[in-house]
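> Protein sequence lines correspond, in order, to chains A and B.
Note that numbering that gives the first Met the number 0 has the first sequence beginning at 0, numbered continuously upward.
Note that numbering that gives the first Met the number 0 has the second sequence beginning at 0, numbered continuously upward.
Where a beta carbon is used, it is the ideal one built from N, C-alpha and C, also for glycine.
All of these numbers come straight from a predicted model, not from anything done at the bench.
Before anything else, here's the structure in question.
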Amino acid sequence: MKVSSQKIKKKIKFLNNFQKITKSVSLISAVRFQKKLTVVRRIIPNIFYFLNIFYSIIEKYPEETKMIFEKKVNEKGKNLIIVVSSDRGLSGSFDQLIFKKTRDLIDSELNNENFLLGIIGQKGVNYFKKLYQLEFFFYKFENFLPENLARELFNYINVLLNRGKIKNIYFVRSNLTFSGFIVESLKIFPYDIKTIEELIDKIIPKMKEWEKLKFESPIKKNLTDYIFEPNIRLTLNVLLRNLFFLILYTLILESQAALELTRTITMKRANENAKKIKNKTILEYNKLRQEKITEELIDLLR
Amino acid sequence: MNGKIIQIIGTVVDVEFEEDNTPFIYEVLLIKEKNLLLEVESILSPGRVRCLAFENTDGLYRGMEVERTKKKLSVPVGLEVLGRTLNTYGETIDNKGKLNNIERWEVIKPAPNFEKQNPKIEILETGIKVIDLLMPVIKGGKVGLFGGAGVGKTVLLMELIHNIAYKYQGYSIFAGVGERTREGNELILEMEESGVINNVTMIFGQMNEVPAARFRTAFAGVTLAEYFRDKEKKDVLLFIDNIFRFVQAGSEVSSLLGRSPSAVGYQPTLATEIGMLQERINSTSDGSITSFEAIYVPADDITDPAPATTFSHLDSTIVLSREIAELGIYPAIDPLQSNSIALDPKIIGDKHYKVAIEIQKILQKYQELKDIIAILGIDELSDDDKLIVYRARKIQKYLSQPFFVAESYTGREGKYVELNNTIIEFEKLINGDYDNLSEDDFYMKGIVNE
Numbered sequence: 000m001k002v003s004s005q006k007i008k009k010k011i012k013f014l015n016n017f018q019k020i021t022k023s024v025s026l027i028s029a030v031r032f033q034k035k036l037t038v039v040r041r042i043i044p045n046i047f048y049f050l051n052i053f054y055s056i057i058e059k060y061p062e063e064t065k066m067i068f069e070k071k072v073n074e075k076g077k078n079l080i081i082v083v084s085s086d087r088g089l090s091g092s093f094d095q096l097i098f099k100k101t102r103d104l105i106d107s108e109l110n111n112e113n114f115l116l117g118i119i120g121q122k123g124v125n126y127f128k129k130l131y132q133l134e135f136f137f138y139k140f141e142n143f144l145p146e147n148l149a150r151e152l153f154n155y156i157n158v159l160l161n162r163g164k165i166k167n168i169y170f171v172r173s174n175l176t177f178s179g180f181i182v183e184s185l186k187i188f189p190y191d192i193k194t195i196e197e198l199i200d201k202i203i204p205k206m207k208e209w210e211k212l213k214f215e216s217p218i219k220k221n222l223t224d225y226i227f228e229p230n231i232r233l234t235l236n237v238l239l240r241n242l243f244f245l246i247l248y249t250l251i252l253e254s255q256a257a258l259e260l261t262r263t264i265t266m267k268r269a270n271e272n273a274k275k276i277k278n279k280t281i282l283e284y285n286k287l288r289q290e291k292i293t294e295e296l297i298d299l300l301r
Numbered sequence: 000m001n002g003k004i005i006q007i008i009g010t011v012v013d014v015e016f017e018e019d020n021t022p023f024i025y026e027v028l029l030i031k032e033k034n035l036l037l038e039v040e041s042i043l044s045p046g047r048v049r050c051l052a053f054e055n056t057d058g059l060y061r062g063m064e065v066e067r068t069k070k071k072l073s074v075p076v077g078l079e080v081l082g083r084t085l086n087t088y089g090e091t092i093d094n095k096g097k098l099n100n101i102e103r104w105e106v107i108k109p110a111p112n113f114e115k116q117n118p119k120i121e122i123l124e125t126g127i128k129v130i131d132l133l134m135p136v137i138k139g140g141k142v143g144l145f146g147g148a149g150v151g152k153t154v155l156l157m158e159l160i161h162n163i164a165y166k167y168q169g170y171s172i173f174a175g176v177g178e179r180t181r182e183g184n185e186l187i188l189e190m191e192e193s194g195v196i197n198n199v200t201m202i203f204g205q206m207n208e209v210p211a212a213r214f215r216t217a218f219a220g221v222t223l224a225e226y227f228r229d230k231e232k233k234d235v236l237l238f239i240d241n242i243f244r245f246v247q248a249g250s251e252v253s254s255l256l257g258r259s260p261s262a263v264g265y266q267p268t269l270a271t272e273i274g275m276l277q278e279r280i281n282s283t284s285d286g287s288i289t290s291f292e293a294i295y296v297p298a299d300d301i302t303d304p305a306p307a308t309t310f311s312h313l314d315s316t317i318v319l320s321r322e323i324a325e326l327g328i329y330p331a332i333d334p335l336q337s338n339s340i341a342l343d344p345k346i347i348g349d350k351h352y353k354v355a356i357e358i359q360k361i362l363q364k365y366q367e368l369k370d371i372i373a374i375l376g377i378d379e380l381s382d383d384d385k386l387i388v389y390r391a392r393k394i395q396k397y398l399s400q401p402f403f404v405a406e407s408y409t410g411r412e413g414k415y416v417e418l419n420n421t422i423i424e425f426e427k428l429i430n431g432d433y434d435n436l437s438e439d440d441f442y443m444k445g446i447v448n449e
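Following this line, the structure appears as C-alpha cells:
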C-alpha cells in the first residue's frame, strides 16, 4: 500500500536529526574515551610507584612486614561479584557481553550459590534485578567522576570486608586491547605478595603503548632508607589500601573507556545505517513525487 | 429471416433485420460464414442493432448474412466440464475433444434474490494457517488478492483449490480474464502436474481476445460456479484473474459503443458492471460461491476507480508481499496489510479473535522496531522489545506452510492445518510456551510437534 508523502518526509527529517545526534554522540564518546585513557596513563605509573615502594619495604624489613598478608578473611563469607555495565546503552553488544560473562561466572565457577552481586550501571541493574537479589548498585554513573565512584565502591567493599561478609571479590569488566576490548572476569581479592603483581599485570590495558611494560622488582636495586611514622605496619596498610584503590579505579576507568570506545563505533555505525535508510527513503519520496506529477499531467492531458 | 451487416467499425458491428424481427438486448447473433458470434448491445432503431463481436472481425463485409439464435450467450455446465478448459462462449480449447449434448446455462442472469440468499456468515476453512488465522475467508465471500508476478499467487490459488477439494469435496472455477495467454498455459500444466485439475473448470478470455470476449469471461466463470452451487449443491471456489482486466474490458466495450467516459476515463456504468458480477457471487441455501479475485492496482493507486469500486465488494484482502517472498516464507502473505471483515469476535469467536489480534499486535510492533534494529542493532532494545522481536520472528516463520501442490518443488510434504489447531498453536506461541524453541523449528511446518 502507498505510504503518504508526508509520512516519508517526516521519516527523512527524523533520520536527518538522528544522524546529527549519532554524529555528536560518536564525537563526544571519542573525546571521553581519550580522556579516560589519559587518566589511565597517569595512574599506571602511580601503581608501579606504589608497588615499588611496597616491595622495597618488604625486601628491607622482611620480619616486620611478614604479618601484613596474614590478615585472615572470613571463610564463611560470600563471593562478591562487581559488574560494570552501561547506563544508557547505545553501546552495541557491550552490555550483552558483560551480562553473559557474569552469568557464566555465576553458573559455572560459583555454581549459582554463595554470591553477592554489586552492579554499576542502569542497564546492568535492570537486567540483573530480575534474576538475582542485588547487594548494592550504582547507576547514572556515566556523568560522575570515575574517581568518586571508585572511592564509593572502595569504601563499600571495606565495610563488607570488615563485617566479614565476603571472602572473594570478582570483577567483571572490559579490558582494552589492540582491536577493541575483551570482557573477562577477574579475581581481585584476596591477593598476596605473589598474586598482586600478577593482578596488576592483568589490569593493564593490552594496548600497544603498554605492550612492553613489565613491573621490575626493585630487589636488586639500591633500596632507599625509610622512616616510618607512626609504624611500619600502619604505613604498609595505608600503602596497600591505596594500591587496592588504584586497582579499583583503573578497572572502572578501563571499563568506562571500553564503553565509550564501543559507543563511538556503535554511533558511527548507526550514523552510516541511518544514512543508508535515509537515501532509500529519499528515493522512495522522489518516486512518489514523480508519480504524482505524472498523474497530474495525465489528468491535464485527458 | 436473416439480417445483414450494415456497418463494421473495429469489433462493433451494426446489423439490420426486419422491423418485426428485431433481436433483443444481449441476444447472440451468428455469422455462419465465419462462425463468428455477436452480442447485441443496443437497439439503434426498429430492426437495427449494434453488436460486439466475440472474435476478430477480419474478413467481415457489409451485406454479410447474420442469423438470430434467440438466445443469450451461454456456457456448457455439468460435471463433464470439470477438468476442461473453455473459452468465453463455451468451446473447449484443451484438445480433449468437444462437449456434446451438454446442458448450457446463460451467462447473463440476475443475482440471487433476497429469499434465496443465505445471510448466515460461516467461515470457510482453507487449511492455510495464515489465512485461517488472520484473514478468515467467509463462505460465499469475496477475497481480493494483491500480488505482483513471482510472489506465489498461482501456487496459493492451486493450494486453495486442492484444500477445498480435500476438505469439502468442492469444485473450483478459474476464470482467466485479460491476462497473458502464456500464464494460462502454465497454470493448466501446473494444475495437471499437481493433480488438482480434475476438480477445476477453467475458462479463459485472455489478452489476445477482443474486449467483448474478455468482458463476458468473468460472467461465464460465475455461471459455471452457479451451476455447481445450485445443481450440485456444493461449496464452490471461483478464481478471477484479473478483476481489473474485467473493468478494463468493460471500459473498452463502453468506448466502442460510444458512451461518454466518466472519472479517469472509465465507463460511466463501472459500478453497475462490477455490481452485476459481484452480486452473483453469493451463498444460497444450496451452497456457496467463494471468490478469490486477483486485483491489479494501476500505478499502486488504490484510489483509482477500478480497484476502489471493487474494494467495496470485498470481504477479505490478501496481500502477497515480495519482501516476505524474499525471506523464503511461503505463502508470502503480508499479515499486516491483509485483512478480513470476518475478524470479529461475533463471527470467529473470542478465542480466535484474541489470538489473531495479539499476533497482529506483535507483528506490528516488530515492524516498528525494524528501523531501530536496522540502525542500532537488536542489543539496544529493551528486554520486553527483544522478546517481541523473537516471538514475531517465530510467528513470521510459523506463518509459512508446506503446500501439497508444491511438493515436487520443495520436497516437503504438504500440510493441511485445521483452524482449531492453528489457534491453539499460535496461542501457545504468544503465551511464551515456545520461547525455548529456535526460529528454525517453526519454518515450513504444519504444526510444531508433528
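Using the Cβ count rule (16 or more neighbours within 10 Å means buried), how would you classify residue 117 of chain A?
Mapped onto the first sequence, residue 117 of chain A falls at position 118. It is buried - the Cβ of residue 117 of chain A has at least 16 other Cβ atoms within 10 Å.
> Answer yes or no: does any C-beta atom of chain A fall closer than 8 Å to that of residue 378 of chain B?
Indexing the second sequence from 1 puts residue 378 of chain B at position 379. True, the Cβ-Cβ gap to chain A drops below 8 Å.
> Helix, strand or coil: which one does DSSP assign to residue 113 of chain B?
Locating residue 113 of chain B in the second sequence gives position 114, where the first residue counts as 1. Looking at residue 113 of chain B - three-state DSSP - the assignment turns out to be coil, as it is neither helix nor strand.
> So residue 76 of chain A and residue 186 of chain A are in contact, right, with Cβ under 8 Å, and what is the actual spacing, rounded?
One-based indexing of the first sequence puts residue 76 of chain A at position 77. One-based indexing of the first sequence puts residue 186 of chain A at position 187. Their Cβ separation, rounded to whole angstroms, is 14 Å, which puts residue 76 of chain A and residue 186 of chain A out of contact at 8 Å.
> In chain order, which continuous runs of the alpha helix (DSSP H) of length 4 or greater are located wholly inside the stretch 279–330 of chain B?
Within the stretch 279–330 of chain B, the complete alpha helix (DSSP H) runs of at least 4 residues are 304–310, 321–325.
> Please state whether DSSP places residue 452 of chain B in a helix, a strand or coil.
Lying before the first or after the last residue shown, residue 452 of chain B is absent from chain B, which here runs from 0 to 449.
> Just checking, does the stretch 288–308 of chain B make contact with the stretch 135–145 of chain B on the three C-beta pairs under 8 Å criterion?
Counting Cβ pairs under 8 Å, three or more are found: they touch.
> Residue 294 of chain B versus chain A: which residues are under 7 Å apart at the beta carbon?
Stepping through the second sequence from its first residue, residue 294 of chain B is reached at position 295. Within 7 Å Cβ-Cβ: nothing; residue 294 of chain B doesn't reach chain A, min ~12 Å.
> Output the distance between the C-alpha atoms of residue 430 of chain B and residue 175 of chain A, rounded to the nearest integer angstrom.
Position 431 of the second sequence, counted from the first residue, corresponds to residue 430 of chain B. Position 176 of the first sequence, counted from the first residue, corresponds to residue 175 of chain A. If you take the alpha carbons of residue 430 of chain B and residue 175 of chain A, they lie about 42 Å apart.
> Does residue 147 of chain A pass the burial test, meaning 16 or more other C-beta atoms within 10 Å, or should it be called exposed?
The count along the first sequence starts at 1 and reaches residue 147 of chain A at position 148. Burial call: exposed.
> Compare the C-beta of residue 179 of chain A against all C-beta atoms of chain B and say whether one is closer than 8 Å.
In the first sequence, residue 179 of chain A corresponds to position 180, counting from 1. So no, residue 179 of chain A is outside the interface.
> Going along chain B in order, which residues have a C-beta closer than 9 Å to the C-beta of residue 276 of chain A?
In the first sequence, the residue the question calls residue 276 of chain A occupies position 277. Ordered by position in chain B, the residues that pass the 9 Å Cβ test against residue 276 of chain A are 370, 373, 374.
> So is residue 92 of chain A in contact with chain B if we call contact Cβ pairs under 8 Å?
Reading the first sequence from its first residue, position 93 is the one you call residue 92 of chain A. Chain B, which has a Cβ nearer than 8 Å to the Cβ of residue 92 of chain A, makes this yes.
> With respect to the beta strand (DSSP E) encompassing residue 68 of chain B, which residues constitute its N-terminal and C-terminal limits?
Counting from 1 along the second sequence, the entry for residue 68 of chain B is found at position 69. Element bounds for residue 68 of chain B: 64–71.
> For residue 216 of chain B, count neighbouring C-beta atoms within 10 Å of its own C-beta (all shown protein chains included) and say buried if the count is 16 or more, exposed if not.
The residue given as residue 216 of chain B occupies position 217 in the second sequence. Per the 10 Å Cβ criterion, buried.
> Run down chain A in chain order and give the residues with a C-beta less than 9 Å from the C-beta of residue 298 of chain B.
Counted from its first residue, the second sequence places residue 298 of chain B at position 299. What residue 298 of chain B touches in chain A: 290, 293, 294.
> Helix, strand or coil for residue 170 of chain B per DSSP?
Looking up residue 170 of chain B in the second sequence gives position 171. Note: residue 170 of chain B maps to strand in three-state DSSP.
> From A/167, A/140, A/96, A/67, pick the residue whose C-alpha is nearest to that of residue 308 of chain A; which is it?
The requested residue 308 of chain A does not occur in the structure, where chain A is confined to residues 0 to 301.
> Which residues, in chain order, does the stretch 112–126 of chain A contribute to contact with chain B at a C-beta distance below 9 Å?
Correct list: 125, 126.
> If we count the other Cβ atoms within 10 Å of its Cβ and call it buried at 16 or more, is residue 61 of chain B buried or exposed?
In the second sequence, counting from the first residue as 1, residue 61 of chain B sits at position 62. The residue in question, residue 61 of chain B, is exposed, as its Cβ has fewer than 16 Cβ neighbours within 10 Å.
> For residue 272 of chain A, would you say it is in contact with chain B, using Cβ-to-Cβ distances shorter than 8 Å as the test?
By 1-based counting over the first sequence, the position of residue 272 of chain A is 273. Answer yes: the Cβ-Cβ gap between residue 272 of chain A and chain B drops below 8 Å somewhere.
> Just reading off the alpha helix (DSSP H) that residue 341 of chain B is part of, what are its end residues?
Here the question's residue 341 of chain B lines up with position 342 in the second sequence. Run containing residue 341 of chain B: none; DSSP gives neither H nor E here.
> For chain B, is any of its Cβ atoms less than 8 Å away from the one on residue 269 of chain A?
Locating residue 269 of chain A in the first sequence gives position 270, counting from the first residue. It does: the Cβ of residue 269 of chain A has a partner Cβ on chain B nearer than 8 Å.
> Note the first and the last residue of the continuous beta strand (DSSP E) segment covering residue 183 of chain B.
Position 184 of the second sequence, counting from 1, holds the residue named residue 183 of chain B. Where residue 183 of chain B is concerned, there is no enclosing beta strand (DSSP E), although the alpha helix (DSSP H) it sits in stretches over 180–193.
> Suppose you measure from the CA of residue 114 of chain B to the CA of residue 370 of chain B; what does that come to, to the nearest Å?
Start at 1 with the first residue of the second sequence, and residue 114 of chain B comes out as number 115. Start at 1 with the first residue of the second sequence, and residue 370 of chain B comes out as number 371. Roughly 53 Å separates the two Cα atoms.
> So, using beta-carbon positions, are residue 214 of chain B and residue 248 of chain B closer together than 8 Å?
Taking the second sequence and counting its residues from 1, one reaches residue 214 of chain B at position 215. Taking the second sequence and counting its residues from 1, one reaches residue 248 of chain B at position 249. Yes, they are a contact pair.
> Tell me which residue opens and which closes the beta strand (DSSP E) that residue 117 of chain A is part of.
Against the first sequence, residue 117 of chain A aligns to sequence position 118. 114–119 is the span of the beta strand (DSSP E), which, as asked, contains residue 117 of chain A.
> At 4 residues or longer, and completely inside the stretch 117–195 of chain A: list those alpha helix (DSSP H) runs for me, N to C.
For the stretch 117–195 of chain A, whole alpha helix (DSSP H) runs of length 4 or above, ordered along the chain, are 121–127, 145–161.
> Could you give the distance in angstroms between the alpha-carbon of residue 101 of chain A and the alpha-carbon of residue 126 of chain A?
Numbered from 1 along the first sequence, position 102 holds the residue referred to as residue 101 of chain A. Numbered from 1 along the first sequence, position 127 holds the residue referred to as residue 126 of chain A. Cα to Cα, residue 101 of chain A sits roughly 11 Å from residue 126 of chain A.
> Spatial neighbours of residue 209 of chain A within its chain, please: CB distance less than 6 Å, with the 5 preceding and 5 following residues excluded, ordered by chain position.
Stepping through the first sequence from its first residue, residue 209 of chain A is reached at position 210. Contacts found: 203.
> Using a beta-carbon distance below 8 Å, is residue 89 of chain A in contact with chain B?
Indexing the first sequence from 1 puts residue 89 of chain A at position 90. With 8 Å as the cut-off, residue 89 of chain A counts as an interface residue toward chain B.
> Step through the CB atoms of chain B and report whether any lies within less than 8 Å of the CB of residue 95 of chain A.
Taking the first residue of the first sequence as 1, we reach residue 95 of chain A at position 96. Closer than 8 Å: yes.
> Can the beta-carbon of residue 135 of chain B be found closer than 8 Å to that of residue 347 of chain B?
Sequence index remark: in the second sequence, residue 135 of chain B carries index 136 (1-based). Sequence index remark: in the second sequence, residue 347 of chain B carries index 348 (1-based). For residue 135 of chain B and residue 347 of chain B, yes; Cβs fall inside 8 Å.
> Just tell me which of B/340, B/412, B/164 has its CA closest to the CA of residue 82 of chain B.
Taking the second sequence and counting its residues from 1, one reaches residue 82 of chain B at position 83. Taking only the C-alpha atoms, the option nearest residue 82 of chain B is B/164.
> Pull up the DSSP beta-bridge partners for residue 209 of chain A, would you.
For the purposes of this step, residue 209 of chain A is identified with residue 210 of the first sequence, where counting begins at 1. None; residue 209 of chain A has no bridge partner.
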